[in-house]
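A quick write-up on the structure given underneath.
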Amino acid sequence: MEEDFRAALLAWTGLAAIVGDRVDWGLRNGVPAVRLQVAGKSPFYTFSGRDGLTPYIVQADCFGRDFGEAKLVARQVEAGAASLARPTFQGSFIVGERDDEDTDGADQVLHRTSLDIRILHRA
């Protein structure tokens, strides 16, 4: 799922126009950027075993130099996630959003909008 989701976000032209290729799992390389983290994973099972569908919660931290830029990145992540295609992805839904600040290595303030995205992925 991780590779498929990152590739789908990078292919979303609205996001790529803002962050370039700075969409990574666990990393923030520059600003603006998107840092992805799996916050939850719970595969579906039947009496015959796993059925291949796994719901994930992915946290997408959208960083910007100011509040507006962080929000712009988040809106493009939201649009890209909404465009995920079958059969690999069975759906994606924003289930949470919050805003806060972080600092970079030089103690410069970075603005962050975090999205919690429920993704249904078929392996």
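Residues are numbered in this note's numbering as their position in the sequence shown, beginning at 1, plus a constant of 1. Glycine included, each C-beta is placed from N, C-alpha and C at the ideal position. Predicted, not measured: the structure shown is a model, and the values here were computed from it.
Worksheet item: If you count every other CB in all the chains shown that lies within 10 Å of the CB of residue 33, and 16 or more means buried, which is it?
Response: Counting Cβ neighbours within 10 Å, residue 33 comes out buried, since at least 16 surround it.
Discussion item. The beta strand (DSSP E) that contains residue 77, what's its start and end?
Written reply: Per DSSP, residue 77 is not a residue of any beta strand (DSSP E); the alpha helix (DSSP H) it occupies stretches across 68-83.
Discussion item. I want to see whether chain C comes within less than 8 Å of residue 11, judged by CB atoms only; does it?
Written reply: In the displayed structure, chain C is absent; only one protein chain is listed.
Worksheet entry | Euclidean distance between Cα positions of residue 90 and residue 118 | Rounded to the nearest whole angstrom, the C-alpha separation of residue 90 and residue 118 is 13 Å.
Worksheet item: Using CA coordinates, which residue listed in 22, 37, 109 is at the minimum distance from residue 57?
Response: Considering only alpha carbons, the answer is 37.
Discussion item. Quick check: the stretch 46-55 against the stretch 94-112, are at least 3 beta-carbon pairs closer than 8 Å?
Written reply: Output reads no: the stretch 46-55 does not touch the stretch 94-112.
Worksheet item: Taking the C-alpha atoms as reference points, what is the distance between residue 8 and residue 24?
Response: In this structure, the alpha-carbon of residue 8 lies about 9 Å from that of residue 24.
Worksheet item: Are the beta-carbon atoms of residue 113 and residue 98 separated by less than 8 Å?
Response: Taking 8 Å as the Cβ cut-off, residue 113 and residue 98 do not qualify as a contacting pair.
Worksheet item: From the DSSP output, which residues share a beta bridge with residue 31?
Response: Its beta-bridge partners do not exist; DSSP assigns none.
Worksheet item: Where does residue 7 fall in DSSP's three states?
Response: Note: residue 7 maps to helix in three-state DSSP.
Worksheet entry | Residue environment, residue 4, which counts as buried when at least 16 other CB atoms sit within 10 Å | Under this definition residue 4 is an exposed residue.
Practice prompt. Would you grab the beta carbon distance between residue 79 and residue 116 for me? Rounded to a whole angstrom, and I think it's under 8 Å.
Written response: So it is a contact: roughly 6 Å between Cβ atoms.
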